[in-house]
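In the numbering used here, the protein residues as written are 78 to 410. Before any comments, here is the structure.
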Ligand SMILES: [Zn+2]
Ligand SMILES: [Zn+2]
Ligand SMILES: [Zn+2]
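Here is the structure:
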């Protein structure tokens with residue numbers, strides 16, 4: 078059974094999730110991405126290879142559990158955390174432990190086996206973002222869950238094990254330190270200036286233009302001032318809103334357009350790199366406030382974390398964000 082362990086020195090939670098009762102070095106064999114169309118658990122006709130769906134988009138008359146869908150959400154077959162786990166907190170000597178309560182779901186973004194999110198029409202990407210939103214709203218009803226992360230790993234270097242386009246959701250019984258830090262920073266900025274730091278960033282980047290990748294009526298795509306990795310890019314809604322769950326249909330539509338534009342630029346500019354994409358939104362059930370502002374962060378996987386990064390928590394980025402933004406701006410798609 079998965080469990081969450083807290084490091085006794087720093088407030089860092091780790092999910093210990095043994096997948097199968099195999100030898101510990103079995104993980105060496107799981108590295109390659111599986112691209113087997115017949116045996117693909119995400120292809121239409123193979124619905125029985127996944128746990129029963131929790132959400133699907135189907136035309137009238139199409140039966141749950143069968144083919145005909147355009148999008149499907151299913152629990153992960155090898156979940157990092159499980160909703161069925163009974164909540165328990167335990168101290169074991171000086172160590173802290175929480176039972177692995179959580180949720181881990183997979184959003185199958187398209188019935189097509191080939192192609193990536195960048196190849197999907199904007200309406201389908203919007204349908205994916207709407208599925209994230211619907212699942213977040215549903216999972217938020219479980220009061221044991223405190224935070225949620227929607228994310229996408231594309232390509233083996235980014236952690237993908239199946240090539241069929243999909244994203245994932247993990248809900249946690251804690252708010253992890255990386256998120257706490259971002260929330261704390263945003264709250265501090267508001268405390269000092271009575272302004273949202275993300276709204277401030279959007280305003281400044283729209284004026285400076287140097288780190289701007291793309292702008293539309295509702296969304297801004299930018300290379301952040303202190304980009305941690307080459308071509309790290311954020312999508313930030315122009316309108317202030319703390320939680321992704323409360324975004325309107327129009328905003329999701331605009332976010333899908335911006336995401337599609339960014340993915341296509343990244344594909345052309347960096348020759349279809351592996352990447353991680355994730356959503357930052359308020360912890361569950363904490364709705365809108367004046368100081369936090371949801372956004373998407375995308376990190377192409379162009380270099381590995383090396384010794385110094387692990388040692389210091391500080392990254393060395395060889396690509397100034399101004400250069401990355403200029404390059405992406407000029408990339409025609
Ligand atoms: Zn497939
Ligand atoms: Zn804001
Ligand atoms: Zn963030």
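From the three backbone atoms N, C-alpha and C, an ideal C-beta is built for every residue, glycine too.
Classify residue 146 as helix, strand or coil using the three-state DSSP reduction.
Correct three-state label for residue 146: coil.
Starting from the C-beta of residue 371, find all residues in its chain whose C-beta is less than 8 Å away, skip the five residues before and the five after it, and write them out in chain order.
Once the five neighbours on either side are set aside, the close Cβ partners of residue 371 are 314, 318, 319, 320, 321, 324, 356, 357, 358, 359.
What do you reckon, are the CB atoms on residue 228 and residue 244 nearer than 8 Å?
Going by C-beta atoms, residue 228 is nearer than 8 Å to residue 244.
Do the segment 177-185 and the segment 247-257 meet, that is, are 3 or more Cβ pairs less than 8 Å apart?
Judged by Cβ distances under 8 Å, the segment 177-185 makes contact with the segment 247-257, as three or more pairs qualify.
For the beta strand (DSSP E) holding residue 182, just list the boundary residues, first then last.
Residues 180-185.
Which one of 385, 369, 349, 394 has the shortest CA to CA distance from residue 196?
Among 385, 369, 349, 394, the Cα nearest to that of residue 196 is on 349.
If you draw a straight line from the C-alpha of residue 86 to the C-alpha of residue 310, how long is it?
The alpha-carbon atoms of residue 86 and residue 310 are separated by roughly 32 Å.
Within 7 Å: the Cβ of residue 38 and any heavy atom of ligand 1?
Summary: the structure shown does not reach residue 38, with the chain confined to residues 78 through 410, and so no result is reported for it.
I want to check one thing, is the minimum distance from the CB of residue 124 to the heavy atoms of ligand 1 below 7 Å?
Checking the Cβ of residue 124 against ligand 1 gives no.
Can you tell me where the beta strand (DSSP E) with residue 314 in it begins and where it stops?
Run containing residue 314: 310-314, per the beta strand (DSSP E) assignment.
May I have a chain-ordered list of the beta strand (DSSP E) segments no shorter than 3 residues that lie completely inside the segment 289-373?
Here the runs fully enclosed are 289-292, 296-299, 310-314, 352-357.
Taking all protein chains shown into account, decide if residue 88 is buried (16 or more other Cβ within 10 angstroms of its Cβ) or exposed.
Per the 10 Å Cβ criterion, exposed.
Verify whether the separation of the beta carbon atoms of residue 300 and residue 237 is less than 8 Å.
No; because the gap between Cβ atoms is not below 8 Å, this pair is not in contact.
Rounded to the nearest angstrom, what separates residue 154 and residue 353 at their Cα positions?
Going from the Cα of residue 154 to the Cα of residue 353 covers about 21 Å.
With which residues is residue 80 paired in a DSSP beta bridge?
93, 176, per the DSSP bridge assignment.
What does residue 167 pair with, by DSSP beta-bridge criteria?
Paired residues: 174.
Straight-line CA distance for residue 56 to residue 393?
Residue 56 lies beyond the range of the chain shown here (78 to 410); nothing can be said about it.
In whole angstroms, give me the CA-to-CA distance for residue 341 and residue 164.
Each residue's Cα considered, the two are about 42 Å apart.
Can you say whether residue 141 is buried or exposed, counting buried as having 16 or more other CB atoms within 10 angstroms of its CB?
Exposed is the call here.
In the DSSP output, which residue or residues are listed as bridge partners for residue 377?
Note: residue 377 sits in a beta bridge opposite 352.
Could you tell me which residues DSSP puts in a beta bridge with residue 205?
Residue 205 pairs with nothing; no bridge assigned.
When the Cα atoms are used, what is the spatial distance from residue 40 to residue 143?
Summary: the structure shown does not reach residue 40, with the chain confined to residues 78 through 410, and so no result is reported for it.
In angstroms, rounded to a whole number, what distance separates the CA positions of residue 128 and residue 285?
For residue 128 and residue 285, the distance between alpha carbons rounds to 49 Å.
Could you check the C-alpha separation between residue 280 and residue 94 for me, to the nearest Å?
Taking the straight line from one Cα to the other gives about 42 Å.
Could you tell me the boundaries of the beta strand (DSSP E) in which residue 244 lies?
Start and end: 243-249.
So which residues touch the region around ligand 3, with touch meaning a C-beta under 7 Å from any heavy atom?
Here the residues come out as 259, 357, 372, 374.
Please find out if some non-hydrogen atom of ligand 1 comes closer than 7 Å to the beta-carbon of residue 119.
Yes, Cβ of residue 119 sits closer than 7 Å to a heavy atom of ligand 1.
Check whether the Cβ atoms of residue 217 and residue 361 lie closer than 8 Å to each other.
Contact flag set, yes.
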